[in-house]
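See below for the structure under consideration.
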Amino acid sequence: MTADIDAAMCRALELAAAAQEWGDTPIGAVVLGPGGALLAGAANEREKRGDPTAHAEVLALRAAAQVHGDGWRLTGCTLVVTLEPCTMCAGASVLARVDQVVYGADDPKAGAAGSLWDVVRDRRLNHRPEVTAGVRAEESATLLRAFFRAQRGL
Ligand SMILES: [Zn+2]
């Protein structure tokens with residue numbers, strides 16, 4: 001499974017890099033099925049779609065549910081994302097019933113998987129995905145830093 005996770009994060013980083021092409025913050029996400037197969041992947045498309053909810057995780061979870069074959073449920077699946085999920089995406093992963101959330105860089109300003117909030121492991125919720133942080137975190141952080149530096153015109 002570890003090799004699957006690493007390959008999945010690799011793909012998520014490729015998707016993240018692609019988001020810059022249309023001016024979106026470089027964040028990518030993929031969903032792995034229970035056996036580790038790649039079900040779906042998406043990049044952040046907030047700017048591209050003019051949609052405040054078009055985060056990579058939401059798009060990937062939606063696409064994965066279409067192919068997973070259990071309605072809206074993603075039981076047994078793993079969400080792999082380059083940046084710590086925000087409150088919406090952490091909430092979406094709980095609602096989708098994914099077993100695991102794996103992310104790269106921490107997001108101290110908006111992270112909801114341990115940094116600012118911990119929506120995914122809140123004991124008041126009846127489903128709590130297992131969280132793994134810091135997978136290829138430096139590559140994700142480097143992409144984000146370069147993007148924001150370019151945006152500021154430096
Ligand atoms: Zn989000």
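Reminder that position 35 of the sequence shown reads as 35 in the UniProt record's numbering, one-by-one numbering, no gaps. Beta carbons are placed, not taken as given, at the ideal position from N, Cα and C, and that holds for glycine. No experiment lies behind these values; they were computed from the predicted model shown.
When DSSP states are grouped into helix, strand and coil, ASP4 belongs to the helix group.
In the three-state reduction of the DSSP assignment, THR25 falls in the coil class, being assigned neither a helical nor a strand state.
Counting the other CB atoms within 10 Å of its CB gives ARG136 a total of 16 or more, which places it among the buried residues. Looking at PRO34, GLY33, LEU61, ALA37, the one whose alpha-carbon comes closest to that of ASN44 is LEU61. In this structure, PRO85 has its beta carbon less than 7 Å from a heavy atom of ligand 1. Of the other Cβ atoms in all chains shown, fewer than 16 fall within 10 Å of the Cβ of GLU138; this residue is therefore exposed. Between the stretch 61-78 and the stretch 113-126, the count of C-beta pairs closer than 8 Å stays below three; the two stretches do not touch.
As the crow flies, the alpha-carbon of GLU84 is around 21 Å from that of ARG124. Residue state for LEU13 is assigned as helix, using DSSP reduced to three classes. The straight-line gap separating the alpha-carbon atoms of PHE147 and GLN20 is approximately 7 Å. Around GLY71, the same chain offers ALA65 as residues with beta carbons nearer than 8 Å, after the five sequence neighbours per side are excluded. Taking 8 Å as the cut-off, the Cβ atoms of ASP99 and PRO129 count as close. By the CB criterion at 8 Å, VAL101 and LEU79 fall inside the cutoff.
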